Every structure is written in structure tokens, then in C-alpha cells.
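Heads up, the sequence shown is in my numbering, so the first residue is 1 and it goes up one at a time.
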Amino acid sequence: MMKLKNILIIVFLVLVIFIFGCRRPVCGNGIIEEGETMQTCCEDTGCLGEQTCEFHRCIDPICSECQYLQNHVCIDYKCCKDDDCNKDEICQSHQCVKLNCGECQYIENHKCENYQCCSDADCENFYAFKESRCINPATVDSYCKIVSSVAIFVDRNTYSSLNYEINRLKEDIIYDLDTEVYIYSEDWSDPEEIRKIILDKYYNNGLLGSILIGNIPYVLYRSAIKPSQLILSDFYYTDMDEKIDKCYKEGIVERLCMAESHIRLWPMTETWVGRIKPTKGDQEGIEQIRNYINRNHNYRKGLIKYDNKANFIYADFSIEPNYTLERIYPQFERMVNNSRLYKGNAKIIFEKNSSKLKNKVINTFKDQNELTFLAVHGSPRSDWFGESEYLYSEDIENLKPNSMIYDLASCSNGAFNVEDYMAGAYLFSGNALVVFAYSVIAVVAYNEDIYTHIGQLRLGVPIGKVYRNRQSSLVQHLFGDPTLKLRAVRLEDAPKLKVDGFVVDFGENPIGNKKEIDYVIKNEGNSKLIINTVRPGSLVTKLNGNMSFGWAHTPFYCKFGSNSDLRSNKIEIEPHSKTIVKLFFDLESVKEVKKGVYEGYFYQIVTNDPRQPWITIKLIGRGI
Numbered sequence: 001m002m003k004l005k006n007i008l009i010i011v012f013l014v015l016v017i018f019i020f021g022c023r024r025p026v027c028g029n030g031i032i033e034e035g036e037t038m039q040t041c042c043e044d045t046g047c048l049g050e051q052t053c054e055f056h057r058c059i060d061p062i063c064s065e066c067q068y069l070q071n072h073v074c075i076d077y078k079c080c081k082d083d084d085c086n087k088d089e090i091c092q093s094h095q096c097v098k099l100n101c102g103e104c105q106y107i108e109n110h111k112c113e114n115y116q117c118c119s120d121a122d123c124e125n126f127y128a129f130k131e132s133r134c135i136n137p138a139t140v141d142s143y144c145k146i147v148s149s150v151a152i153f154v155d156r157n158t159y160s161s162l163n164y165e166i167n168r169l170k171e172d173i174i175y176d177l178d179t180e181v182y183i184y185s186e187d188w189s190d191p192e193e194i195r196k197i198i199l200d201k202y203y204n205n206g207l208l209g210s211i212l213i214g215n216i217p218y219v220l221y222r223s224a225i226k227p228s229q230l231i232l233s234d235f236y237y238t239d240m241d242e243k244i245d246k247c248y249k250e251g252i253v254e255r256l257c258m259a260e261s262h263i264r265l266w267p268m269t270e271t272w273v274g275r276i277k278p279t280k281g282d283q284e285g286i287e288q289i290r291n292y293i294n295r296n297h298n299y300r301k302g303l304i305k306y307d308n309k310a311n312f313i314y315a316d317f318s319i320e321p322n323y324t325l326e327r328i329y330p331q332f333e334r335m336v337n338n339s340r341l342y343k344g345n346a347k348i349i350f351e352k353n354s355s356k357l358k359n360k361v362i363n364t365f366k367d368q369n370e371l372t373f374l375a376v377h378g379s380p381r382s383d384w385f386g387e388s389e390y391l392y393s394e395d396i397e398n399l400k401p402n403s404m405i406y407d408l409a410s411c412s413n414g415a416f417n418v419e420d421y422m423a424g425a426y427l428f429s430g431n432a433l434v435v436f437a438y439s440v441i442a443v444v445a446y447n448e449d450i451y452t453h454i455g456q457l458r459l460g461v462p463i464g465k466v467y468r469n470r471q472s473s474l475v476q477h478l479f480g481d482p483t484l485k486l487r488a489v490r491l492e493d494a495p496k497l498k499v500d501g502f503v504v505d506f507g508e509n510p511i512g513n514k515k516e517i518d519y520v521i522k523n524e525g526n527s528k529l530i531i532n533t534v535r536p537g538s539l540v541t542k543l544n545g546n547m548s549f550g551w552a553h554t555p556f557y558c559k560f561g562s563n564s565d566l567r568s569n570k571i572e573i574e575p576h577s578k579t580i581v582k583l584f585f586d587l588e589s590v591k592e593v594k595k596g597v598y599e600g601y602f603y604q605i606v607t608n609d610p611r612q613p614w615i616t617i618k619l620i621g622r623g624i
């Protein structure tokens, strides 16, 4: 019995050992249990998913940046950056999502990019106050193009004799300026007929300016101060203000009439004009024009070149108390430097001895420079250097001056209503292509800023455009071709100004309140953008369409950085950067403020962007 009992106990123990001790160890729970060894526990096959067994525990894998862990397994996201998606998709929350761009946008490299334009309306303020058209609308190749034109007015006889030369000039202008050119040939006698054409082309074809060749009628302006004085001027052909038409009668514009409620603080023109009027009559005059146009063509083709140099010549004005040599010389130096055209290549000539001064002037005539500035006492047919020293127009014809541009700051040299006028002698006798001159006795204010506009010629700006922005009087004239350029410029190396628009609307502003707007100016070019102004009165304000305030009392002003006002400072913007100018419509500080529509214009803001060398910003606000 005892023996049987022992046998049963042994059998029971064997069964227990067989059942519990001989089964295959369970591995993978990270714990060494009975029947397991360190080796069997560390087999990865016992762990779930992509877990590994480390230090006897199953450890989840470490996923890469573009993976996530699910059920112990690393799974790739559908995307982690835009490049993982199709070009018309972007990666959002690791999902590729189709881009939904606006009507005037296209997709490029996972971004919605703006077409430059989709309609003409998109181009309204692309260029400052110029009409422009959308070319290739709603395509990658779309761009805003200024609608522009040039008008050539020529008398019938001259056109008949020089048909080939004038039409070649037309083609040269089209090629250089990418503009339309219209030729009008008549026996012109009435300035109103010419002005009607100019107005039509200005409003419908973006007229840049006009060239008057041969015998083209001129207009006189009656002085508002001295009614007996009639001023020879081509301002009539450049100023688009309708007030002129109301004040014009039989070849004369009444300045007193123009001054009444005139909308401008000073004379400004919308277009330019250049005269090519010979100093001789009949066939001799025809040949003068022919030779000039041929020289013009040769310059455009690179057959005539001018040195990147300038001469600045001044007489001794000590006979006039306010213009002593010692007083004005520093101003002249700054004036030359401010042109930014000539780095060390400008020669300043001062001489008190009249005979020596005359000889120095004559010696400069052989220099084939870009520019010569000459300031002496003058008359329609002569220049006076003091004492008995003169140069007459026939002397100029024999000496044949060689500079490309002559800027004659002398009285009456531009009186083209007489034969053998001085400006014409300079234009037709040597290698000159453009002459600036005054048609009457004029006091030339020697200000260091007067050559700032001339400096824009370094940007490849047509000379006429420089002349239009520079002139502020009735009596300065341009003789020659205003469409010529002094220098070429590489646009890919230049700064590029970009703003949201050239019109800023403040909306309604209660009297006694001040409103502020951030105006963003960007430089999308490859060199530093520099913006500054020339004259302190560069801000003109109108109330309900009439001149309202001088520049010192305007409700509009601006601030940027530590500088206080755009009218007397400059802004510098690095490539691919931007700055913010704060614009103010202040009806709190200005005295005698009234309700109505205010318009402010920051005129003649000068930039170094060749595409937009001058800009005007218009500000609008309604005082309530």
C-alpha cells in the first residue's frame, strides 16, 4: 500500500514536471521567467512589430523625422515638405494638398505666384501716373507696358526735303524707346492746331513729348508783373493744364490769368519738347537740319562717342553783389558732385580775367565731352565775358564746339525767334546733339541741387525726361532731340522699386483727428535703392481741386526711421529688402482746417531705379 502510494506520488511529480517544466519558454515579455534563460529571452523574434530586445526588454524603434510609430512599427508620412508632393500641391499636416490659387495667379514650385497683370486695370498704378497696358494677360509672360508715343511736327517744305532723314529718325526713336512715333507735316501757322494734336496724343496715346523741326510757330506769355513784357516760350506745348486754353488768345498766354486759382505751386509740365530750328534760312537751313539728323543717327549707332567728362565754366559775377566768386564757388563744387555723373572727371573753370576766361572757353570747344556747362552774360547772338571780350554766334560756327550737351546758363541765348541765335550755333556747327538755353533775360539761381536731375542721365534716362523734371520756368528751352540718351544701363544690376501703388487713400478723417498709414517700399533689385527729393516744396496740396496749402502747412507728411520728412531726407534700401514709411493725414495740427477732399502730391521724388527714376505719390483724404 505504501509502495503504491509512493509510486502515485512519483507519477504525479513527473506529470507536473512534464507539464510545467518541459514546455517551450515564452519569450518577449522582457522578464526572465521560470524556464527561460538570458539567451532565449533576448531573441527579437519574441518582440512585437519592429521592437528590439535590449537589456531583456522589448524596445520600440526610433523613427526618422518623416515617420511615425504605429503598433510598434515606423510608418512613412505621405509628405514632410512641399518637394515630396506634386508641383501643384503643398504639404500640410503630412498630407499633400492641392493648391487653390486666385484668379490672377499661377502655380510654380508649390507656390501661388501673381501674374504681373491679368487686365489693363492691374497696370493703372504700376508706373507712377502713366497709362499702361497689360501685355499677354494672365500668362507667365504678362507684363505692364507704358502706353507711350512721340510726336514729330515738321513744316511741309522741310519734310519734303528731308523725308528720308526724318523717317529714319522716327525708326531710331522707335528702336531706342520702344514707343509709337507720329509724324505731322503741314504748313503750320496756328499753335492751337499743334496743341490739339498734342492733347489728343497725351490723353489717348501716352504722349511723352514732341519734336518741332523747322518752321514751327511759337507762343508768347505776357508777364503778370510787367504786362508790356512778352516771354518767348514753348511751355504751351508741354503743359497739359486746361487753364492754358482759357488764357490763350492769338498767340499769347496771359500769365495773370494762369495765376488765378492755378492748381500748381510752380510751373510743371506733363511732357517735354525739343526744337530743331536752324539758324539759317532756305537751303542752308535745310542742310543744317540734315547734318544734325545724320549726326544724331551716327551717335545712336555708336559711330560718334563722347568722353565721360564735363567742363563747368563760370564767369566772375563780382559785378553783381550777391554773386561773388568766393561766395558761389563752394556751391558750384557741390552742384557738380551732386550730379553723380563725373567722379573726378569734371573740370571747374573760374577766371576773373575776361580775356583769359574767353580763351579758356574756346580751348574747351575741342573737348569731345559729354557735357559743358557755361554761365556767362549773354544775349540772343552773343556771350560777354567782361570788358570788351565777346563771342558771337558766327564765332561759335567757326569754332565748332564738340561736347554732346551744352547747358547755357546765359541770358537770351535761346531766343530762337531771331536768326543766328546762340543756342542754334552750338547745335548745328560742331558735334553737339542737345543744347539747353534761356530765351530771355533770366536770373539763374546757383543751387547745389539744380544738377540732381541732370544726374539721372547716368540711369539711361532720355534727355527730354530729365529736362521735363528739371525745368521750372517758362524760359528754358531744349534744342535738339530729347529722345537721346547719355548712357546705357544694365537693368539686371540695378535696384528695382516696388510699392503697392502710387495712390494712397486715407478715407474719411474727422476734423481734429490724425490718421496714419504704413507705406511699404521694397527693393526687388540687385543693388541698393536710394530715394530722395530735390526741392523743399515737393509736396503740393489741394482742397476740393484748388491750391490749399504751401508745403509748410500741409495736412500730409511722412516719417521714416529716425528721419523726419521725405522732403529733406533720403531712404536707402538694401537689395531684396523693404522699409516702411509712415504717412500721415493730420487734421489736428494744421491751422484753419476745413472739411472737404484733400489731395497731396509728393512731386519729383528721385530714385536710382532706371525703370522709375522719378515718382510722384498721390495722397487722398476726406475731412469730415
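We treat Cβ as the ideally placed atom computed from N, Cα and C, and that holds for glycine.
Because the structure is a prediction, the values reported are computed rather than measured.
Assign residue i to buried or exposed, taking buried as 16 or more other Cβ atoms, counted over all protein chains shown, within 10 Å of its Cβ.
i: Gly302; result: exposed
i: Phe20; result: Here the model assigns Phe20 a pLDDT of 48, short of 50, so the residue's position is not dependable, and the following value carries that caveat. Looking at its Cβ environment, which holds fewer than 16 other Cβ atoms inside 10 Å, Phe20 is exposed.
i: Asn345; result: exposed
i: Asn136; result: exposed
i: Tyr236; result: buried
i: His576; result: exposed
i: Leu459; result: buried
i: Ser142; result: buried
i: Ser439; result: buried
i: Ser189; result: exposed
i: Gln288; result: buried
i: Ala432; result: buried
i: Ile580; result: exposed
What residues in its chain sit with their C-beta under 8 Å from that of residue i, if we drop five residues either side in the sequence?
i: Lys582; result: Glu516, Ile517, Asp518, Tyr519, Cys558, Lys559, Phe560
i: Ile107; result: Lys87, Asp88, Leu99, Cys101, Glu113
i: Ser393; result: Thr279, Arg381, Ser382, Asp420, Tyr421, Met422, Gly424, Ala425
i: Lys366; result: Asn402
Leaving out five residues on either side along the sequence, give the residues of the same chain with a beta carbon under 7 Å from the beta carbon of residue i.
i: Val97; result: Glu89, Ile90
i: Val466; result: His453, Ile454, Gln456, Leu457
i: Val73; result: Gly49, Glu50
i: Arg340; result: Gly455, Arg458
CA-CA distance, residue i and residue j?
i: Ile628; j: Ala375; result: Any property of residue 628 remains undetermined from this structure, which presents the chain solely from 1 to 624.
i: Phe502; j: Lys618; result: 6 Å
i: Asn205; j: Asp178; result: 13 Å
i: Ser64; j: Tyr77; result: 10 Å
i: Tyr182; j: Gly386; result: 46 Å
i: Ile405; j: Ser233; result: 21 Å
i: Arg275; j: Ala425; result: 13 Å
i: Glu171; j: Tyr292; result: 16 Å
i: Ser527; j: Ala494; result: 6 Å
i: Ile463; j: Ile216; result: 21 Å
i: Lys352; j: Ala315; result: 7 Å
i: Ala409; j: Tyr221; result: 21 Å
i: Ile531; j: Val606; result: 6 Å
i: Phe436; j: Pro227; result: 26 Å
i: Lys196; j: Leu486; result: 31 Å
i: Leu169; j: Glu284; result: 20 Å
i: Ile207; j: Cys85; result: It is worth fixing the name first, because residue 207 is Leu in this sequence and not Ile. C-alpha separation (whole angstroms): 50 Å.
Which residues mark the beginning and the end of the alpha helix (DSSP H) in which residue i is found?
i: Ile357; result: Note on identity: in this sequence residue 357 is Leu, with Ile being the wrong assignment. Here the alpha helix (DSSP H) through Leu357 covers 354-364.
i: Glu65; result: Note, Glu65: premise wrong, no alpha helix (DSSP H); not H, not E.
i: Gly285; result: 282-300
From what residue to what residue does the beta strand (DSSP E) around residue i run?
i: Thr579; result: 577-586
i: Glu389; result: 389-392
i: Leu619; result: 614-623
i: Gly424; result: It is not in any beta strand (DSSP E) - Gly424 instead sits in the alpha helix (DSSP H) that spans 422-429.
i: Glu180; result: 180-186
i: Arg57; result: 57-59
Residue i CB to nearest chain D CB: under 9 Å?
i: Cys47; result: Among the protein chains of the structure shown there is no chain D, as only one such chain exists.
Suppose the cutoff is 6 Å on Cβ atoms and the five residues either side in sequence are ignored; what does the same chain contact list for residue i look like?
i: Ile174; result: Val181
i: Arg622; result: Glu508, Val597
i: Ile349; result: Ile313, Lys360
i: Thr269; result: Thr238, Asp239, Arg468
Based on DSSP bridge pairs, tell me the residues matched to residue i.
i: Ile252; result: Leu220, Lys249
i: His377; result: Trp384
i: Ala437; result: Leu408, His477
i: Pro462; result: Lys485
i: Ile530; result: Glu572
i: Asn369; result: Asp307
i: Thr52; result: Ile59
Using a threshold of 8 Å, is the CB atom of residue i nearer than that to any non-hydrogen atom of the ligand COA?
i: Ile244; result: No copy of the ligand COA occurs in the structure displayed, which carries no ligand at all.
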